[in-house]
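**Q** Numbering (our numbering), first residue to last: 30 to 460. All C-beta atoms, glycine included, are put in the ideal place defined by N, C-alpha and C. Predicted, not measured: the structure shown is a model, and the values here were computed from it. One structure, as structure tokens, below. Some questions next.
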């Protein structure tokens, strides 16, 4: 869209509604009255905002996501026969900086916002995104509150609690673990919610309410986990969901190995895709772990192959993309799909369709005005893009198949990575 002050747009819309459509019927009249000469060239550019942390404590993750966005942009740099322009804003991994950065990005009228890594800066941006009626796609934030409280904020990955279902499917269906236990830190509400999904799923799959033999809590003031380990051993659990950080999981499993409790399958969250933890596991011959991810190096869709080929051509044949890079690649493609679908809807809808859909003169006039503008410029309204996003089904991305089912929370296949010591076993896909 044009780089104009949103307040001017609001004033113009109000004037058009007050005067009626007769004096402001077409976008051409609207443009002639309110846009300086020379801005017409911008009609050929579609702006996508990149709200990321390229500095600060989340910069490593932010740069991995940025790599995916830019790789997708290099491959698919146009949409609706228009050039896609990426506009950047570094939130510096800081909520206060992020607040000003998102406002600056939105003032440039992007059609979609991509980002950010880091839940805090994403939550800060949420209210501004909603107020601007601009759809946004978070790439790695898994907090369910982000999507629950804002219909304009989508995720390109599964929410944290969905991991519980996927891990239960793997443990029971693939590994025949019908007796399980769980472990978490005290006062961890998100872990509690994920564990609830895991235990409920196990009970349903096994059709046995007693299949969960223990829910244990680790002490916050001690790193001696012997007592909990002994309770797990005595419970007879065949699999243990350790809903803790990689560092705590490593220490727990180190003590478990010392106590010779290696007969169980340890399950963890997506954060277990951690270099230090995996190095530790590789040094333990009998230790079994499994954890979910969005992306596997094994090709799962045609777009996975496209992504991997392009990534290795750019960064070298030995380079391995981060999970976040693949998800970010998909986020960009989802935005392109939604923009194309929204504009197709604009061209298919008639004035009569809009009259049937909208009640009240003010709502109808506003809808007609944005519809006419979209027809003339070839650029759909952001509200229509949001609606198109929520209706995406069966999108085959690099990181898996994504569906929204009329919502803004992704329903997505989850890959469970399975390792026994240094050996990487075949991955499992939970749908």
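1. DSSP on residue 71, reduced to helix/strand/coil?
2. Comparing C-alpha positions only, which one of 227, 212 and 237 sits nearest to residue 196?
3. With 16 as the cutoff for other CB atoms within 10 Å, does residue 91 come out buried or exposed?
4. Which word fits residue 239, buried or exposed, when buried means at least 16 other C-beta atoms lie within 10 angstroms of its C-beta?
5. Rounding to the nearest angstrom, what Cα-Cα distance links residue 155 and residue 259 in this structure?
6. Please classify residue 95: is it buried, with 16 or more other beta-carbons within 10 angstroms of its beta-carbon, or exposed?
7. Counting only the same chain and skipping the five closest in sequence on each side, list residues whose C-beta sits under 8 Å from that of residue 243.
8. For the stretch 249–330, list the beta strand (DSSP E) runs that are entirely contained and at least 3 residues long, ordered along the chain.
9. Tell me whether the beta-carbon of residue 428 lies closer than 9 Å to the beta-carbon of residue 355.
10. Quick check on the burial criterion: 16 or more other C-beta atoms within 10 angstroms. Buried or exposed for residue 455?
11. Closest to residue 422 by CA distance: which of 386, 367, 443 and 446 is it?
12. Quick check on residue 276: buried or exposed, where buried means 16 or more other Cβ atoms within 10 Å of its Cβ?
13. From residue 123 to residue 113, what distance separates their C-alpha atoms?
14. Is the number of C-beta pairs between the stretch 166–181 and the stretch 248–259 that are closer than 8 Å three or more?
15. For residue 127, list the residues DSSP reports as bridge partners.
16. Using the Cβ count rule (16 or more neighbours within 10 Å means buried), how would you classify residue 143?
17. Would you report the Cα separation of residue 349 and residue 358, rounded to the nearest angstrom?
18. Let me know the beta strand (DSSP E) ranges lying completely inside the stretch 186–253, each 3 residues or longer, listed in chain order.
19. Skipping 5 residues on each side, what residues in its chain have a beta carbon closer than 7 Å to that of residue 384?
20. Within the stretch 91–136, note down every full beta strand (DSSP E) run reaching 3 residues or more, in order along the chain.
21. Are three or more beta carbon pairs between the stretch 294–308 and the stretch 403–413 nearer than 8 Å?
22. Count the other C-beta atoms from every protein chain shown that fall within 10 angstroms of the C-beta of residue 289, then say buried if there are 16 or more, exposed otherwise.
23. Assuming residue 436 contacts residue 419 (C-beta within less than 8 Å), just tell me the rounded distance between them.
24. From the DSSP secondary-structure annotation, give me the bridge partner or partners of residue 78.
**A** With the given structure in hand:
1. Because the pLDDT of residue 71 is 46, which lies under 50, any placement of that residue in the model is unreliable, and the number read from its coordinates should be weighed accordingly. In the structure shown, residue 71 sits in a helix (DSSP, three-state: H, G or I).
2. 227
3. buried
4. exposed
5. Cα to Cα, the separation comes out at about 44 Å.
6. buried
7. Closer than 8 Å at the Cβ level, and outside the excluded window around residue 243, lie 210, 211, 260, 261, 264 and 266.
8. 268–272, 294–296 and 317–322
9. yes
10. Burial call: exposed.
11. Nearest C-alpha to residue 422 among 386, 367, 443 and 446: 367.
12. Exposed: under 16 other Cβ atoms inside 10 Å.
13. A direct Cα-to-Cα measurement between residue 123 and residue 113 gives close to 28 Å.
14. no
15. Beta-bridge partners assigned by DSSP to residue 127: none are found.
16. buried
17. 14 Å
18. Within the stretch 186–253, the complete beta strand (DSSP E) segments of 3 residues or longer fall at 209–214 and 241–247, listed in chain order.
19. 393
20. 111–119
21. no
22. If you draw a 10 Å sphere on the C-beta of residue 289, you find fewer than 16 other C-beta atoms in it, and that means exposed.
23. Residue 436 to residue 419, Cβ: 6 Å. Contact.
24. 116 and 142
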